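Protein chains in written order, with this note's numbering: chain C, 11 to 360; chain Y, 12 to 366.
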Amino acid sequence: MAAGGNGAGGDTRAAFARIYKTLKEELLTDPAFEFTEESRQWIDRMVDYNVLGGKCNRGLSVVDSYKLLKGADALGEEETFLACTLGWCIEWLQAFFLVLDDIMDDSHTRRGQPCWFRVPQVGLIAANDGIILRNHISRILRRHFKGKPYYADLLDLFNEVEFKTASGQLLDLITTHEGEKDLTKYNITVHGRIVQYKTAYYSFYLPVACALLLSGENLDNYGDVENILVEMGTYFQVQDDYLDCYGDPEFIGKIGTDIEDYKCSWLVVQALERADESQKRILFENYGKKDPACVAKVKNLYKELDLEAVFQEYENESYKKLIADIEAQPSIAVQKVLKSFLHKIYKRQK
Amino acid sequence: MATAEVVVANGSGGADTKTAFKEIYSKLKQEMLEDPAFEFTDESLQWIDRMLDYNVLGGKCNRGLSVVDSYKILKGVDVLSKEETFLACTLGWCIEWLQAYFLVLDDIMDNSQTRRGQPCWFRVPQVGLIAVNDGIILRNHISRILQRHFKGKPYYVDIIDLFNEVEFKTASGQMLDLITTHEGEKDLTKYNLTVHRRIVQYKTAYYSFYLPVACALLLAGENLENFVDVKNILVEMGTYFQVQDDYLDCFGDPEFIGKIGTDIEDYKCSWLVVQALERAAENQKSILFENYGKSDPACVAKVKDLYKELKLEEVFHEYERESYNKLIADIEAQPSKAVQTVLKSFLHKIYKRDK
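So this is what it looks like as structure tokens:
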């Protein structure tokens, strides 16, 4: 029963939620800034609105990975706190990216509510709020990890992953801009690069890297693990692209608009590779338009090219390659971490 | 002659420091464009190249150059070695990069039109709100530069913590400015000296005044926790600097200050309007309530006439003299002569400036 108290699945979530409250309270009383009542209320609301509301899979996976690396079912109180805190830093990082992405994409809703910049009184103040969210990570890390031998490594890790993600976002923005003029600019290399940098590093590599640092490891010795996780993250994003078009809106929680938004989606890239001239013309004439008739023509073409079957084959091959790469890793604990990630996403429907 | 050549080659005098500073920008930019942490496409390289030149260059670089000047004074030398020059200039550029990041985002949030005589970056065709991500890239470049050139130095973590803390204070000050302006648009009496001071302290003073000297102190091997008095003096100086800015926005010569001030139109929590609110009689307050924050030139003129009526130019000059006297007294109470020299150097660059 003691084991249960310290971190079985349900209890991990409860601890995770409690630690959010601790961290937020610390940020709202940060001695580095003299808060006014208005500014404290603003940040309180802003943080709840943007950091909460997701599934917290990235954050929780730091705790899960750390347990697997330690070969323990239960973590000590301090260990739980540190792992959850790093997990929340990743959730804060994602919140920062999403707030700014929504502004740049001119989006309307996020997780079933208006995007933060759409909220009355907020508008483009949201850009500074995104910056505040990013700065909260540095404040949290300094408060709880300064003095740890891996503190500088944590700072470098978060900074490097942020740099890769922002660079991937830049690539996405200017590629879409270029693609709107010439759809043939969309290809598998460009798509691979965008998803690798924009999503895979912070969603897959970062949680495991945090767990490795907590375990006292040197990340320079884990280049293979980084590569596997980036590959897994790429596969995850291809699934996202597929589900945007083929997923059940009831399940995925939104109506996909990649076609309307002129996205460099894996589906359109595959279509361009397989289409003959007349089919390509259908893409050139209908991709990136809001008109439901145009969207339907693109979807019909995807069916004609049998892209669902292409995706199934891609998924099967990706899974096999990932499993082979994982099982080539010398550490059994690391293998377990990587398989745990893979099995959470394999053949998911949302 | 060898000595003279070394002196010239290594950066004596203002002009040579500026030359070295400029050369180091080119080197740092090249490193950013070749960063192994990202696979650049030609399009993304061209974009970042242009974005950097547009936003990081173009200012006077006073903040950046003051790292070098301060470091020389702290070391008590006229000449720095090549390595010392490089490290000091690099930290100076990190501050310029930091300011560029803030200004790109501030211009978006303020819906501004021009910056340093050219359209704001987000106004440039093809850019628009991609500028938000460009701001983030600018911030990330600082971390990349620091990791590349300072990792392995005993003060590496201290530099990162310093930049992170100053960034946090600046973003928090910006937030305070944004929500205060929002509140003030509904109720001008929300503007007061305490709020104004807090905004300018956090939004400007830490990164413009404290950060350059703190960088020089770290380069000199100092522990910043032993220099809290220095921090307080520099924050006070930065506050005075911003009050000057507020004054010059309204009373400065546009030819000199390089822009036409719009604090009145923009409903800014300016030191001038705060002083006016403190001194105005009820009917004068009504003039402020009815005319402040409007673009109509007639309304602006009424506010300016009221500022004259309340003799705010004289109030400012008295404030300036008192600030100077207090700052000099605080500086001369510092135990280190080198630190005194650094602080006086900063103060004399800004005292009674007219742009």
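Glycine residues also receive a C-beta, built at the ideal position from the N, C-alpha and C atoms.
Treat the numbers as computed from the prediction; the structure is a model and nothing was measured.
**Message:** DSSP has Arg126/Y in a bridge; who is on the other side?
**Reply:** Counting from one through the second sequence, the residue named residue 126/Y turns up at place 115. Arg126/Y has Gln129/Y as its beta-bridge partners, per DSSP.
**Request:** Note down, in chain order, every chain Y residue with its Cβ under 8 angstroms from the Cβ of Ala366/C.
**Result:** Chain C is shown only over 11 to 360; residue 366/C falls outside these bounds and no answer can be derived.
**Request:** Spell out a yes or no on whether the region 156-164 of chain Y and the region 98-113 of chain Y are touching, meaning 3 or more CB-CB pairs, one atom from each, closer than 8 angstroms.
**Result:** yes
**Asked** DSSP state of Tyr124/C, grouped into three classes?
**Response** Within the first sequence, the letter at position 114 stands for residue 124/C. Here residue 124/C is Pro; the residue named in the question, Tyr, does not match the sequence. Reduced to three states, the DSSP call for Pro124/C is strand.
**Prompt:** Taking Cβ-Cβ distances shorter than 8 angstroms, what residues in chain C pair up with Trp58/Y?
**Reply:** What you label residue 58/Y is simply residue 47 of the second sequence in a count that begins at 1. Neighbours of Trp58/Y on chain C, chain order: Leu180 and Ile184.
**Spatially closest choice to Thr267/C from Ser117/C, Ile53/C and Leu96/C, by CA coordinates** = The residue you call residue 267/C lines up with position 257 of the first sequence. Thr267/C has its Cα closest to that of Ser117/C, out of Ser117/C, Ile53/C and Leu96/C.
**Prompt:** Where Ala287/Y and Ile298/Y are concerned, what is the direct C-alpha to C-alpha distance, given to the nearest angstrom?
**Reply:** In the second sequence, the residue the question calls residue 287/Y occupies position 276. In the second sequence, the residue the question calls residue 298/Y occupies position 287. Distance between the alpha carbons of Ala287/Y and Ile298/Y: 11 angstroms.
**Prompt:** Using a Cβ-Cβ cut-off of 7 angstroms (strictly less than) and excluding sequence neighbours within five positions of Phe107/C, which residues of its own chain qualify?
**Reply:** Taking the first sequence and counting its residues from 1, the one referred to as residue 107/C is at position 97. Excluding positions up to five away in sequence, the list reads Thr175.
**Message:** Between the alpha carbons of Met12/Y and Gln212/Y, how many angstroms are there, rounded?
**Reply:** For this step, residue 12/Y is matched to residue 1 along the second sequence. For this step, residue 212/Y is matched to residue 201 along the second sequence. Because the pLDDT at Met12/Y is just 33, under 50, the model does not fix this residue reliably, and the value given afterwards should be weighed accordingly. About 48 angstroms.
**Request:** For chain Y, find out if any of its Cβ atoms is closer than 8 angstroms to the Cβ of Ser148/C; answer yes or no.
**Result:** Against the first sequence, residue 148/C aligns to sequence position 138. Closer than 8 angstroms to some Cβ of chain Y, the Cβ of Ser148/C qualifies, so yes.
**Request:** Quick one: residues in its chain with C-beta nearer than 8 angstroms to the C-beta of Leu293/C, no 5 flanking neighbours on either side, listed in chain order?
**Result:** Mapped onto the first sequence, residue 293/C falls at position 283. Leu193, Val278, Ala281, Leu282, Ala285, Val308 and Leu311, listed in sequence order.
**Prompt:** Between Val168/Y and Ala42/C, is the Cβ-Cβ spacing less than 8 angstroms?
**Reply:** Translated into positions along the second sequence, residue 168/Y becomes position 157. Translated into positions along the first sequence, residue 42/C becomes position 32. Against a cut-off of 8 angstroms, the Cβ pair of Ala42/C and Val168/Y comes out as no contact.
**Prompt:** Does the beta carbon of Val18/Y come closer than 8 angstroms to any beta carbon on chain C?
**Reply:** In the second sequence, the residue the question calls residue 18/Y occupies position 7. The predicted model places Val18/Y with a pLDDT of 38, which falls under 50 and marks its position as unreliable, so this point remains unresolved.
**Request:** Look up Thr374/C in the DSSP assignment and give the residues it is bridged to.
**Result:** The structure shown has nothing for residue 374/C, since chain C only spans 11 to 360.
**Prompt:** Quick one: which chain Y residues come within Cβ less than 7 angstroms of Met114/C?
**Reply:** Stepping through the first sequence from its first residue, residue 114/C is reached at position 104. In chain order: Leu140, Ile141, Val143 and Asn144.
**Prompt:** At which residues does the alpha helix (DSSP H) containing Asp250/C begin and terminate?
**Reply:** In the first sequence, residue 250/C corresponds to position 240, counting from 1. Note, Asp250/C: alpha helix (DSSP H), Gly233 to Tyr256.
**Message:** Can you pull the chain C neighbours of Thr200/Y, defined as C-beta to C-beta under 7 angstroms?
**Reply:** If you number the second sequence from 1, residue 200/Y lands on position 189. Within chain C, no residue has its beta carbon less than 7 angstroms from that of Thr200/Y; the closest one is some 14 angstroms off.
**Item:** Close beta carbons around Ala231/Y, own chain, < 8 angstroms, minus the five adjacent residues each side
**Value:** Walking along the second sequence from the start, residue 231/Y turns up at place 220. Cβ neighbours of Ala231/Y beyond the five flanking positions: Tyr82, Leu85 and Lys86.
**Item:** Option nearest Thr95/C by Cα separation, candidates Arg55/C, Ile204/C, Glu295/C and Arg152/C
**Value:** In the first sequence, counting from the first residue as 1, residue 95/C sits at position 85. Answer by Cα proximity: Arg152/C.
**Prompt:** Between the region 108-121 of chain Y and the region 131-139 of chain Y, do three or more beta carbon pairs fall short of 8 angstroms?
**Reply:** Under the 8 angstroms Cβ criterion, the region 108-121 of chain Y counts as touching the region 131-139 of chain Y, having at least three qualifying pairs.
**Message:** Along the region 80-107 of chain C, where does the CB come closer than 7 angstroms to a CB of chain B? Name the residues.
**Reply:** Absent from the structure is chain B; the protein chains it does hold are C and Y.
**Prompt:** Between the beta-carbon of Ile147/C and the beta-carbon of Cys220/C, is there less than 8 angstroms?
**Reply:** Counted from its first residue, the first sequence places residue 147/C at position 137. Counted from its first residue, the first sequence places residue 220/C at position 210. No, the pair does not count as a contact, with Cβ atoms beyond the cut-off.
**Message:** Across the region 248-268 of chain C and the region 27-36 of chain Y, are there enough close Cβ pairs to call them in contact, namely three or more that are closer than 8 angstroms?
**Reply:** no
**Message:** Does any residue of chain C have a CB that is nearer than 8 angstroms to the CB of Ala225/Y?
**Reply:** Taking the first residue of the second sequence as 1, we reach residue 225/Y at position 214. Chain C contact via Cβ: absent.
**Prompt:** Just checking my contact of Leu37/C with Arg149/C at CB under 8 angstroms: how many whole Å lie between their CB atoms?
**Reply:** The residue labelled residue 37/C in the question sits at position 27 within the first sequence. The residue labelled residue 149/C in the question sits at position 139 within the first sequence. Between Arg149/C and Leu37/C the Cβ distance is about 6 angstroms, and since that is below 8 angstroms, they are a contact.
**Asked** Along the region 155-171 of chain C, what residues have a CB closer than 7 angstroms to any CB found in chain Y?
**Response** Within the region 155-171 of chain C, the qualifying residues are Tyr161, Ala162, Leu165, Asp166, Asn169 and Glu170.
**Message:** With a threshold of 8 angstroms between beta carbons, is Gln339/C in contact with chain Y?
**Reply:** The residue labelled residue 339/C in the question sits at position 329 within the first sequence. Gln339/C does not count as touching chain Y.
**Member of Gln104/C, Thr90/C, Leu181/C and Trp126/C whose CA lies at the smallest distance from the CA of Ser55/Y** = By 1-based counting over the second sequence, the position of residue 55/Y is 44. In terms of CA proximity to Ser55/Y, Leu181/C leads the group Gln104/C, Thr90/C, Leu181/C and Trp126/C.
**Prompt:** Less than 8 angstroms separating the beta-carbons of Phe220/Y and Gly195/Y?
**Reply:** Your numbering for residue 220/Y matches position 209 in the second sequence. Your numbering for residue 195/Y matches position 184 in the second sequence. For Phe220/Y and Gly195/Y, no; Cβs fall outside 8 angstroms.
**Prompt:** Closest by CA to Trp102/C, which one among Phe168/C, Glu314/C, His154/C and Gly298/C?
**Reply:** Working through the first sequence from its first residue, we reach residue 102/C at position 92. Of the candidates Phe168/C, Glu314/C, His154/C and Gly298/C, the one whose C-alpha sits nearest the C-alpha of Trp102/C is Phe168/C.
**Request:** Mind checking the region 175-186 of chain Y against chain C and listing, in chain order, the residues whose C-beta falls within less than 7 angstroms of any C-beta there?
**Result:** Asn175, Glu176, Glu178, Phe179, Lys180, Ala182, Ser183, Gln185 and Met186
**Message:** What does the Cβ neighbour count give for Arg28/C, buried or exposed, with the cut at 16 atoms within 10 Å?
**Reply:** In the first sequence, counting from the first residue as 1, residue 28/C sits at position 18. Arg28/C comes out exposed.
**Message:** Given a cut-off of 8 angstroms on the beta-carbon distance, is the pair Arg358/C and Ser213/C in contact?
**Reply:** For this step, residue 358/C is matched to residue 348 along the first sequence. For this step, residue 213/C is matched to residue 203 along the first sequence. By the CB criterion at 8 angstroms, Arg358/C and Ser213/C fall outside the cutoff.
**Asked** Hey, out of Ser356/Y, Lys360/Y and Tyr258/Y, whose CA is closest to Val323/Y's CA?
**Response** Locating residue 323/Y in the second sequence gives position 312, where the first residue counts as 1. According to the sequence as given, residue 323/Y is Leu; it is not Val. Per the Cα distances, Tyr258/Y.
**Prompt:** Would you say Gln351/Y reaches chain C, if we count a Cβ-Cβ gap shorter than 8 angstroms as a contact?
**Reply:** The sequence position of residue 351/Y within the second sequence is 340, counting from 1. Output row for Gln351/Y: interface = no.
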